[in-house]
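Residue numbers (the working numbering): 1 to 250.
Note that the Cβ used here is the ideal one computed from N, Cα and C, for glycine as well.
In this text the structure is predicted, and so the values were computed from the model without any measurement.
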Amino acid sequence: MVLTTVTDELISAFDRARSVTVLTGAGVSAESGVPTFRGGGDSEIWTWRGKPVTELSSAELMATDPKLVWEWFDHRRGMLTGIQPNPGHFALAEWERRASDFTLVTQNIDDLHRAAGSLNVLELHGNIWRARCLRCASTFEARDTPLEENPPLCLACGGPARPDVVLFGEILPEGVFARAEEAATRADLFFVIGTSAVVYPAAGLPIAAKRSGARVIEVNPEMTDISFIADVTLLGRAGELLPQFLKQRG
Ligand code: BJW
Ligand code: ZN
1 MVLTTVTDEL
11 ISAFDRARSV
21 TVLTGAGVSA
31 ESGVPTFRGG
41 GDSEIWTWRG
51 KPVTELSSAE
61 LMATDPKLVW
71 EWFDHRRGML
81 TGIQPNPGHF
91 ALAEWERRAS
101 DFTLVTQNID
111 DLHRAAGSLN
121 VLELHGNIWR
131 ARCLRCASTF
141 EARDTPLEEN
151 PPLCLACGGP
161 ARPDVVLFGE
171 ILPEGVFARA
181 EEAATRADLF
191 FVIGTSAVVY
201 PAAGLPIAAK
211 RSGARVIEVN
221 PEMTDISFIA
231 DVTLLGRAGE
241 LLPQFLKQRG
């Protein structure tokens with residue numbers, strides 16, 4: 001079913017749900033002015049030196065030219081500086097405060113969910129403000145923008161660090177993905193918000209939820225690769241639709 005507004009029936013299903021799991025993607029940050037990877041809904045697309053993201057954010061480039069990967073992330077961090085969460089992020093933080101069993105899984109590395117007040121965020125693809133040591137694997141916050149040194153050096157052992165994000169061809173942090181899968185299969189309502197749902201294994205989560213009996217609700221201005229399994233596609237912007245789930249509850 002395709003809808004353009006949040007109906008009373010959806011609000012009451014949301015109120016009655018015992019377990020809600022949400023998967024977000026770049027589209028949830030689009031209304032904050034953050035570009036997406038593949039466009040859609042009038043969003044800007046990340047571009048840098050004419051190279052596609054699949055090449056820039058790849059394990060291959062990390063292995064051959066880590067300084068260039070840091071320059072790309074430095075550019076991204078510069079753009080994110082000063083960007084604020086939007087009503088979609090704030091609504092999700094409120095969903096978490098009101099629900100008894102709520103899990104927010106994000107593919108985003110921009111940290112805007114936490115900035116909006118979400119507490120438990122499962123970051124499948126890492127965090128742009130964190131670095132990971134290539135020698136001792138410790139992780140640390142690295143917020144210099146622009147970078148003071150490329151690569152930044154590990155606070156523990158002085159070794160070179162890389163962005164603590166998951167590039168194409170890299171394995172997702174195992175514990176985090178396992179928790180996301182568990183929440184997907186436990187949910188009775190599963191929301192897929194602002195993602196083109198083409199990147200795996202994240203895009204497998206709504207499929208796993210559906211198989212386990214969840215009702216799947218998609219929020220996106222456009223139909224996506226996952227629309228065919230969604231019970232409801234809410235066609236529109238996250239920042240406009242997500243707050244509507246809270247509106248009749250005072
Ligand atoms: C709005 C809106 C508004 C606009 N409101 N909405 C199975 C099948 C095929 C391939 C694979 C597979 N398993 C693994 C692969 C390979 C690969 C993959 O999936 N490739 C596909 C592209 C085909 N996956 C991987 O490599 C993963 N690793 C892995 O599986 O390891 C095992 C392995 C190892 C070695 C070999 C093989 C397997 C890792 C994936 C990591 C992805 N990393 C990135 C970059 C992170 C760092 C960075 O930011 O640079 O993560 S890629 C990029 O895409 C980023 C995103 O998190 C991710 C998803 O994008 P997202 O969020 O969906 O954004 P968009 O732009 O695509 O969509 C935006 C949406 O918003 C649109 O729908 C708009 O309409 C909508 N929108 N405005 C609501 N206002
Ligand atoms: Zn180290």
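Whole-number beta carbon distance between residue j and residue i, since they are thought to touch under 8 Å
| i | j | result |
| --- | --- | --- |
| residue 24 | residue 195 | 7 Å |
| residue 109 | residue 88 | Not confirmed; about 17 Å, so no contact. |
| residue 221 | residue 41 | 3 Å |
| residue 4 | residue 239 | The Cβ separation is near 15 Å, so there is no contact. |
| residue 169 | residue 60 | 7 Å |
| residue 120 | residue 103 | 7 Å |
| residue 242 | residue 92 | 6 Å |
| residue 150 | residue 70 | 5 Å |
| residue 19 | residue 179 | Residue 19 to residue 179, Cβ: 14 Å. No contact. |
Candidates the options: closest to residue i by CA position
| i | options | result |
| --- | --- | --- |
| residue 162 | 142, 110 and 174 | 142 |
| residue 16 | 100, 57, 72 and 66 | 100 |
| residue 130 | 221, 238, 165 and 62 | 165 |
| residue 74 | 90, 48, 85 and 86 | 48 |
| residue 33 | 226, 86, 219 and 10 | 86 |
| residue 52 | 11, 66 and 37 | 37 |
| residue 188 | 27, 134 and 231 | 231 |
| residue 133 | 66, 114 and 202 | 66 |
| residue 68 | 55, 157 and 202 | 55 |
| residue 27 | 13, 19 and 43 | 43 |
| residue 136 | 13, 158, 215 and 64 | 158 |
| residue 13 | 215, 247 and 219 | 215 |
Residue i and residue j closer than 9 Å at C-beta
| i | j | result |
| --- | --- | --- |
| residue 117 | residue 97 | yes |
| residue 181 | residue 205 | yes |
| residue 228 | residue 209 | no |
| residue 160 | residue 152 | yes |
| residue 224 | residue 199 | no |
| residue 6 | residue 177 | no |
| residue 22 | residue 95 | yes |
| residue 62 | residue 172 | no |
| residue 112 | residue 57 | no |
| residue 122 | residue 197 | no |
| residue 128 | residue 77 | yes |
| residue 1 | residue 35 | no |
| residue 203 | residue 226 | yes |
Short CB-CB distance (under 9 Å) between residue i and chain C
| i | result |
| --- | --- |
| residue 128 | Absence of chain C from the displayed structure is noted, only one protein chain being present. |
Beta bridge counterpart(s) of residue i as assigned by DSSP
| i | result |
| --- | --- |
| residue 123 | 106 |
| residue 51 | 48 |
| residue 193 | 24 and 219 |
| residue 37 | Partner(s): none; residue 37 has no beta bridge. |
| residue 58 | 168 |
| residue 163 | 131 |
| residue 141 | 130 |
| residue 233 | 2 and 218 |
| residue 153 | 160 |
The ligand ZN site residues, beta-carbon cut 6 Å against heavy atoms: This selection yields 133, 135, 136, 138, 154, 156, 157 and 159.
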